[in-house]
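A.B. asks: Mapping the sequence shown onto UniProt numbering, position 39 (from 1) lands on 39, and the numbers just tick up by one. Every residue gets a Cβ at the ideal spot worked out from N, C-alpha and C, and that includes glycine. First, the structure itself, so that you have it in front of you.
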Amino acid sequence: MTAVSSTSAEAMTYERLSARALDGQLGPDPAGLRVAVAFTTRQAVRHDGRSTGYRNEVLGLRVGAAVGSCAVEPGALDDDVVEDCAGAGVDRLLRHPLTPVRVAALDAYLMHVTPHTPAHGAVPVPVPAGTSLEKSRSRARAVVGLLDLPPGATVLAVGVVNSLLEALRARRLGYIPCDFKGGVTEWDEDVVTDALSEAHRCDALLVSGMTLGNGTFEPLRRHALEHGKQLVMFAQTGSSVLPRFLGHGVSAVCAEPYPFFWLDGGPSTLHVYRGGVR
1 MTAVSSTSAE AMTYERLSAR ALDGQLGPDP AGLRVAVAFT TRQAVRHDGR STGYRNEVLG
61 LRVGAAVGSC AVEPGALDDD VVEDCAGAGV DRLLRHPLTP VRVAALDAYL MHVTPHTPAH
121 GAVPVPVPAG TSLEKSRSRA RAVVGLLDLP PGATVLAVGV VNSLLEALRA RRLGYIPCDF
181 KGGVTEWDED VVTDALSEAH RCDALLVSGM TLGNGTFEPL RRHALEHGKQ LVMFAQTGSS
241 VLPRFLGHGV SAVCAEPYPF FWLDGGPSTL HVYRGGVR
């Protein structure tokens, strides 16, 4: 994989992308768009056959037919925040003091402007109907398939999802699991909490879109860019934001807009990007 020049790195950051959206450079003036619906989705998961579980909470903002998403720590958002977002102009929410609100607003705006379609560079990948674990494993195979690595390579896995680690093991890829929560994986491996300090030990990065909401995406993007490493993003958070960084440190994105695979047992669709958004 050819590394993009540092000049290109300076050309696009998350803050620059948001500023361009606010200025109407990416589509219609966001001052003319409003969030019709704001909501949170909360879940607790313990798959059959797994010894550990987890919780998720995601903020959703709807603009037209598009829903933008940003994961948050469970209980981090007050109900007042959600109510304040409903009916608000997109421009105001792009300037909101809370990062998750800004991320979800930018995601909704960009999905409204460039929905996940082949015309915009997205390749649909079906996830067959099944149990929560079957669908999780199906998604994991699609995500890990975006890594172009030989067996024995090491991946920094940021945002621990046991199905993704299982898929890496099936590819005979080593990994360093990283998550702010720490703890251990399904295989009793220690989970590190500082991704950037471990990145130098890895050949590639497999990173959750949640890093947009907690402020750790930019350092990882810069590391991948400066060292010519693959950076594959799996994105429920910011599924329409992250494809904008292809060629700017991000090598591929598996985008999964709301509703996510874990909300329904029926078939669903992932959207894979390897080139730029058109």
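(1) Inspect the beta-carbon positions of Val90 and Ala105 and report whether they are closer than 8 Å.
(2) By alpha-carbon positions, which one of Arg141, Gly215, Ala36 ends up nearest to Ala88?
(3) Could you tell me the boundaries of the beta strand (DSSP E) in which Arg42 lies?
(4) In the structure shown, what three-state DSSP assignment does Arg34 receive?
(5) Based on Cα-Cα distance, which residue from Arg274, Arg172, Arg92, Cys85 lies nearest to Leu246?
(6) Taking the Cβ atom as the reference point for each residue, do Val207 and Leu231 lie within a distance shorter than 8 Å?
(7) Between the segment 196 to 210 and the segment 154 to 170, are three or more C-beta pairs nearer than 8 Å?
(8) Which partner residues of Gly121 appear in the DSSP bridge assignment?
(9) Do you know offhand how far residue 284's Cα is from Thr185's?
(10) If you run the structure through DSSP and keep just helix, strand and coil, what is Met111?
(11) Please list, in chain order, all residues of the same chain as Val277 whose beta carbon is under 8 Å from its beta carbon, the five residues on each side excluded.
(12) Would residue 336 pass as a contact of Ala140 if the rule is Cβ separation under 8 Å?
(13) For the pair the segment 94 to 101 and the segment 142 to 153, tell me if three or more CB-CB distances fall below 8 Å.
C.D. replies: Taking the coordinates as given:
(1) Going by C-beta atoms, Val90 is nearer than 8 Å to Ala105.
(2) That would be Ala36, whose Cα lies nearest to the Cα of Ala88.
(3) It spans 37 to 45 - the beta strand (DSSP E) in which Arg42 sits, taken as one unbroken run.
(4) Reduced to three states, the DSSP call for Arg34 is strand.
(5) Ranking the options by Cα distance to Leu246, first place goes to Arg274.
(6) Yes; because the gap between Cβ atoms is below 8 Å, this pair is in contact.
(7) Flag = yes, the segment 196 to 210 and the segment 154 to 170 touch.
(8) Within the DSSP secondary-structure output, Gly121 pairs in no beta bridge.
(9) In the structure as shown, the chain starts at 1 and stops at 278, and residue 284 therefore has no counterpart that could be examined.
(10) Three-state DSSP puts Met111 in a helix.
(11) Shown here for Val277: same chain residues with a beta carbon closer than 8 Å to its own, the five before and five after excluded, namely Thr114, His120, Gly121, Pro243, Arg244, Leu246 in chain order.
(12) It is not possible to answer for residue 336, since the shown part of the chain is limited to 1 through 278.
(13) Short answer: they don't touch.
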